[in-house]
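Each residue of the sequence shown is one higher than the one before, starting from 1446 at the first, in this note's numbering. Comments concern the structure below.
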Amino acid sequence: MSPSLSIGDRIMAIRQTLPEGVRLVAVSKYHPSEAIVEAYEAGQRIFGESRVQELVAKNEELGAMYLDLVWHFIGPLQSNKVKYIAPFVHTIESVTSLKLLDEINKHALKHQRRINVLLEVHIAEEESKSGFTPEELMELLEYLSTRAEQYRGVRLVGLMGMATYTTDEEQIDREFAELAQLMQRVRDSGLLVEGEDFDELSMGMSGDYPIALRHGATLVRIGSAIFGERASSED
Ligand SMILES: *Cc1c(COP(=O)(O)O)cnc(C)c1O
1446 MSPSLSIGDR IMAIRQTLPE GVRLVAVSKY HPSEAIVEAY EAGQRIFGES RVQELVAKNE
1506 ELGAMYLDLV WHFIGPLQSN KVKYIAPFVH TIESVTSLKL LDEINKHALK HQRRINVLLE
1566 VHIAEEESKS GFTPEELMEL LEYLSTRAEQ YRGVRLVGLM GMATYTTDEE QIDREFAELA
1626 QLMQRVRDSG LLVEGEDFDE LSMGMSGDYP IALRHGATLV RIGSAIFGER ASSED
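Next up, the structure:
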């Protein structure tokens, strides 16, 4: 990150590196609402947050004023906290269990909404990262394939993954390739009820997004390269 550039400059610079059809999720976690407004003024609309309380607070500050601002939840999400974001969140990228999907569906229906959902896949070697294994993912999709009516509060739009935090680019490359292959496997499986909606591949962060782009990422989640280092490095 170049410290002399503004948030807007950095967004423009990153956007120029994105192929057509790839969208930028500006990961604003731990940064104040003012930083989001700066990005918004540079044309950015999709913002990623990873903590429920922080997202709720920012939505209260900004939601009424910036009506076309789109929130993506990207962090670990406890089922009992879904209710706080269900009224307004656009997409939840970090769905890691059927229990969580059930909860999102329930609260979305309560608010007469449909929330976009990405299923998170565990592609990294670190145990600390979460997500479905490919086998678990296929089982879940099989389960859902006969229950479309019940799950009309959620729209399955794709897969999300985080690569291992490493300088070994070949490893990152392998992990993103694996996710891209899994995406293809899912699309070919015949298990998707609304298969045409399932076209998002969310992968790539500040340090590794150029590699993700080579494997067909449609969403890149970039934080520190836009907003600078975060005060906390918890996630
Ligand atoms: C924090 C975070 C990002 C952004 O990370 P940077 O390295 O700051 O770009 C992307 N995805 C997830 C899931 C995150 O938690």
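Just so you know, even glycine gets a beta-carbon here, dropped at the ideal spot from N, CA and C. Computed from a predicted model, the values in this text were never measured in an experiment.
- Each of Arg1600, Leu1564, Arg1558, Tyr1596 was checked against the Cα of Glu1641, and the nearest Cα belongs to Arg1600.
- Under the 8 Å Cβ criterion, the stretch 1496-1505 counts as touching the stretch 1514-1528, having at least three qualifying pairs.
- In the DSSP assignment, Asn1561 falls within the beta strand (DSSP E) that extends over 1560-1566.
- Burial of Gly1598 is indicated by the presence of at least 16 other C-beta atoms within 10 angstroms of its C-beta.
- Following the DSSP letters along the chain, one finds Met1605 inside the beta strand (DSSP E) bounded by residues 1599-1606.
- When C-alpha distances from Glu1645 are compared across Pro1532, Glu1538, Ile1456, the shortest belongs to Glu1538.
- DSSP places Ser1647 inside the beta strand (DSSP E), whose first and last residues are 1645-1647.
- Leu1543 places its beta carbon 9 Å or farther from that of Met1605.
- The beta carbon of Leu1627 is closer than 8 Å to those of Val1566, Pro1579, Leu1582, Leu1604 in its chain, skipping five residues each way along the sequence.
- Taking C-beta separations shorter than 8 Å and ignoring five residues to either side along the sequence, the partners of Tyr1475 in its chain run Glu1499, Arg1675, Ala1676, Ser1677, following chain order.
- A residue is called buried when at least 16 other Cβ atoms come within 10 angstroms of its Cβ; Ser1647 meets this threshold and is buried.
- Looking at the backbone, the Cα of Asp1618 and that of Phe1533 are separated by about 35 Å.
- Counted as a single uninterrupted DSSP element, the alpha helix (DSSP H) harbouring Ile1549 occupies residues 1543-1555.
- Short note on Arg1460: C-beta not closer than 8 Å to any heavy atom of ligand 1.
- Annotation for Ile1667 indicates a beta carbon within 8 Å of some heavy atom of ligand 1.
- Residue environment: Gly1488 is assigned as exposed (fewer than 16 neighbouring CB atoms within 10 Å of its CB, all protein chains considered).
- Going by C-alpha positions, Glu1506 is about 13 Å away from Trp1516.
- If you check the C-beta of Arg1675 against ligand 1, you find a heavy atom less than 8 Å away.
- DSSP, read as helix, strand or coil, puts Glu1538 in strand.
- Taking the Cα positions, Glu1620 is about 11 Å away from Tyr1610.
- Under the three-state reduction of DSSP output, Phe1533 falls in the coil class, being neither helix nor strand.
- Nearest C-alpha to Phe1577 among Gly1661, His1535, Leu1637, Leu1545: Leu1545.
- Beta-bridge analysis with DSSP links Phe1577 to Val1566.
- In this structure, Ala1625 has its beta carbon at no less than 8 Å from each heavy atom of ligand 1.
- No Cβ-Cβ contact shorter than 9 Å links Ala1502 with Ile1452.
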